[in-house]
Amino acid sequence: MTASAFTLRAAEPRDIPAIVGLIGELAEFEKLTHLLQVTPETLAPHLFGPRPVAESWVAELQGDQHGGEIVAFALCFTNFSTFLAKPGLYLEDLYVKPAHRSLGIGKAMLTHLARTAVERDSGRFEWSVLDWNENAIRFYEKMGATVMPDWRICRVTGDALAKFGQA
Numbered sequence: 272m273t274a275s276a277f278t279l280r281a282a283e284p285r286d287i288p289a290i291v292g293l294i295g296e297l298a299e300f301e302k303l304t305h306l307l308q309v310t311p312e313t314l315a316p317h318l319f320g321p322r323p324v325a326e327s328w329v330a331e332l333q334g335d336q337h338g339g340e341i342v343a344f345a346l347c348f349t350n351f352s353t354f355l356a357k358p359g360l361y362l363e364d365l366y367v368k369p370a371h372r373s374l375g376i377g378k379a380m381l382t383h384l385a386r387t388a389v390e391r392d393s394g395r396f397e398w399s400v401l402d403w404n405e406n407a408i409r410f411y412e413k414m415g416a417t418v419m420p421d422w423r424i425c426r427v428t429g430d431a432l433a434k435f436g437q438a
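Number 438 in the numbering used here belongs to position 167 of the sequence shown; there are no gaps in the numbering.
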């Protein structure tokens, strides 16, 4: 199958079950299934409800054998840089099924998202990568991304978030 055998497009409500399935695969890959709570019912309002907070794109296979199969997704949201005084595009997750990783889908998806950020006059296009995912780090650097060595993600979630919010 060649790179022309897939189409990138904005996700549609009918894609929600496939996206949730891919999120599950991503959680397995990252060894984080114990954190997984997403369902089609919990994700749909955030992408397609009255006040969407995120947006998603999918890669759909073309052709007779696998035509219409969703094999990759990216999920983004708008963030903001106070230093630049501009919104940015933050890539929360990008996942390509292992059997389809040699088709150029990841590169095409990142290029599409960078183009989207430029069209929106974003100050930045950012994402995080796990420090053990050397293949992804090399891939991102090859595409021109800088892995920020001095920055660490801070996160509060679940019961800790509830307690933190009461302080």
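Virtual Cβ for every residue (Gly too), placed ideally from N, Cα, C.
Note that the structure is predicted; figures quoted are calculated from it, not measured.
Check: Under DSSP, the beta strand (DSSP E) around Pro288 begins and ends at which residues?; Outcome: Run containing Pro288: none in the beta strand (DSSP E); it sits in the alpha helix (DSSP H), 287 to 300.
Check: Would you tell me roughly how many angstroms separate the C-alpha atoms of Ala388 and Lys368, rounded to the nearest one?; Outcome: 25 Å
Check: Express the C-alpha separation of Gly320 and Pro288 in angstroms, rounding to a whole number.; Outcome: 16 Å
Check: Going by C-alpha to C-alpha distance, which of Leu303, Phe348, Val309 sits closest to Pro323?; Outcome: Phe348
Check: Are the stretch 326 to 333 and the stretch 278 to 285 touching by the rule of at least three beta carbon pairs closer than 8 Å?; Outcome: yes
Check: Leaving out five residues on either side along the sequence, give the residues of the same chain with a beta carbon under 8 Å from the beta carbon of Leu401.; Outcome: Glu301, Ala407
Check: Report the CB separation of Ile376 from Val418 in whole angstroms; it is logged as a contact under 8 Å.; Outcome: No, Ile376 and Val418 are not in contact; Cβ-Cβ is about 21 Å, not under 8 Å.
Check: Please give me, in chain order, every unbroken run of the beta strand (DSSP E) with length at least 3 that falls completely inside the stretch 313 to 367.; Outcome: 326 to 332, 341 to 352, 357 to 367
Check: Using the C-alpha atoms, what's the distance from Phe344 back to His317?; Outcome: 15 Å
Check: So Ala407 is in the beta strand (DSSP E); what residue range does that whole segment cover?; Outcome: Run containing Ala407: none in the beta strand (DSSP E); it sits in the alpha helix (DSSP H), 405 to 413.
Check: With DSSP collapsed to three states, give me the class of Ala370.; Outcome: helix
Check: Apart from the five residues just before and just after Gly339, which ones in its own chain have a Cβ nearer than 8 Å to its Cβ?; Outcome: Glu331, Leu332
Check: Taking the alpha-carbon positions, what's the Glu296 to Leu303 distance?; Outcome: 10 Å
Check: Do you know how far the Cα of Gly359 is from the Cα of Glu390?; Outcome: 11 Å
Check: Measure the CB-CB distance between Tyr366 and Trp398 and report whether it falls below 9 Å.; Outcome: no
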